[in-house]
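*Asks:* Questions regarding the structure given below will be posed in turn.
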Amino acid sequence: MGGEIATPSEGPKQFFFRPVTACIKSLCANYACQKLSELVENLARDVHTYLQYSFKRQTELLEFQEFVNVKPHKILQPSQTRWLSLHQVVVRLLEQYNALVLYFTDQASKNIEKAQSILYRLNDPSVKLYYHFLDFVLPFFTKLNLEMQSESTKIHTLHGKIKNVLRSLLDCCIKKEYLEKPPIEDIQYKNPRFFLPIEEMYLGAYVVGSVTNKTHNLNAEELQNFRTRCLDFLIESYAQIYKRFNAKSTSMKILKDLSIISPEQVISKKHNTIASLGMHFPNLVLANQLNELDREWRQLRNIDINDLKNLNISEFWSKISEMKCGDESFMFPTLCEFIFNIMCLPHSSATVERTFSTINLNKTKIRNKLSTETLSGILHTKTLMKNENCFNFNIDEDLVKKLNYKIKT
1163 MGGEIATPSE GPKQFFFRPV TACIKSLCAN YACQKLSELV ENLARDVHTY
1213 LQYSFKRQTE LLEFQEFVNV KPHKILQPSQ TRWLSLHQVV VRLLEQYNAL
1263 VLYFTDQASK NIEKAQSILY RLNDPSVKLY YHFLDFVLPF FTKLNLEMQS
1313 ESTKIHTLHG KIKNVLRSLL DCCIKKEYLE KPPIEDIQYK NPRFFLPIEE
1363 MYLGAYVVGS VTNKTHNLNA EELQNFRTRC LDFLIESYAQ IYKRFNAKST
1413 SMKILKDLSI ISPEQVISKK HNTIASLGMH FPNLVLANQL NELDREWRQL
1463 RNIDINDLKN LNISEFWSKI SEMKCGDESF MFPTLCEFIF NIMCLPHSSA
1513 TVERTFSTIN LNKTKIRNKL STETLSGILH TKTLMKNENC FNFNIDEDLV
1563 KKLNYKIKT
């Protein structure tokens, strides 16, 4: 999946292919979770199924939640389509773990076979360790997903964020002296020679504390198996992400070049030219404009703009675009037009999905004959009134002039 860039002029369209980040990150986490014990996912599903369809059982669980003084939250269901749900499921199970153990102890005493099976797995000390490990590692994926769902421009940060996640995963299991040397794309992450001793791997604060204080209740063989599976999870996570975001691919090289348009990089003056980025998008800047583009870039490097360093990328380039020469002509017209076009590139499909959700909320079974023009008007109105209320919305004179007989055309 990716964004399409097209100019009004005739000729073939230029395409920039960029994977759908939110979906891919979650798919990588799902593949990695398959390296852990099947007990982990099956237990979450079985607990949810056991409670979900019985109001009586949910009411009985409330008594045990009150007894252990936890909030009366419902158990969540693992989902293959709701990408951010996995970590929420893990957090909720850990929150309710003691209440669930007491509840299923009571249910198992009634000779309910399913309850006995669930209780057996809840009492397995490795299961709780797995959940705490997931509670530590899954936010690497979910936080990146949430950031990429932002409606503000993030494409210039995508390469750095992916690189940070990759290094953070390997930092848990690869020797530090090796991890710091090669570029991320050259790291031999499957070579056991560069692995930390399995006892020194970092698997989260709770796991480290349990092992240090010997409160994990696992024998040596079980603890070794737990650590090995967690190592497999980390390696598989890296492999799945790298498979989809190959640092040596053209798309990733473009994403890396896009990072130079961030305010921090511009103010740092580390980059002498922007021509290499311009060459990736020949439909946005013509070959005969590259010199002008680079001249404006180098001129910008020699202007004191430190007072703009705290602005986000949209505000930063908006300020730059307003700068004028002595004759009142704009100082960086070619550069700013190119940057604004770059900032239009989509960094995820979240914005499109939100638009479709809005359409589905308006075009219901009862209102199934709404025309495209009406739906378009609703969407434009919603955008115009964003963060406003109908009772205090300011209707200016320009808006009133648009309310004429031509409004339908």
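Heads up, the working numbering is the position in the sequence shown plus 1162, with the first residue counted as 1. Note that beta-carbon positions come from the ideal geometry of N, C-alpha and C, so glycine has one too.
#1: Which same chain residues end up closer than 6 Å to Lys1481 when comparing Cβ atoms and leaving out the 5 residues on each side of it in sequence?
#2: Nearest-angstrom Cα distance between Asp1419 and Ile1336?
#3: Determine which residues share a DSSP beta bridge with Ile1336 and list them.
#4: Can you tell me whether DSSP reads Lys1352 as helix, strand or coil?
#5: For Glu1398, count neighbouring C-beta atoms within 10 Å of its own C-beta (all shown protein chains included) and say buried if the count is 16 or more, exposed if not.
#6: Contact between the stretch 1383 to 1402 and the stretch 1433 to 1446 is defined here as three or more beta-carbon pairs at a separation below 8 Å; is this criterion met?
#7: Taking contact to mean 3 or more Cβ pairs, one atom from each stretch, closer than 8 Å, check whether the stretch 1215 to 1227 and the stretch 1276 to 1288 are in contact.
#8: Counting only the same chain and skipping the five closest in sequence on each side, list residues whose C-beta sits under 7 Å from that of Lys1564.
#9: Would Glu1458 be called buried (16 or more neighbouring beta carbons within 10 Å of its own) or exposed?
#10: In three-state DSSP terms, what is Phe1226?
#11: Is the CB-CB distance between Tyr1293 and Leu1256 below 9 Å?
#12: Using 8 Å as the cut-off, can you tell me whether the stretch 1304 to 1312 makes contact with the stretch 1371 to 1380, which would need three or more C-beta pairs spanning the two stretches below that distance?
#13: Between the C-alpha atoms of Lys1544 and Lys1323, what's the straight-line distance to the nearest angstrom?
#14: DSSP state of Phe1492, grouped into three classes?
#15: Here's a check: name, in chain order, each residue in its chain whose Cβ is nearer than 6 Å to the Cβ of Leu1417, leaving out the five neighbours to either side.
#16: Helix, strand or coil: how does DSSP classify Lys1531 here?
#17: For the 8 Å Cβ check, are there 3 or more pairs between the stretch 1391 to 1407 and the stretch 1323 to 1334?
*Replies:* Considering the structure as presented:
#1: Leu1470
#2: 28 Å
#3: Phe1357
#4: coil
#5: buried
#6: no
#7: no
#8: none
#9: buried
#10: helix
#11: yes
#12: no
#13: 32 Å
#14: strand
#15: Leu1320 and His1321
#16: coil
#17: yes
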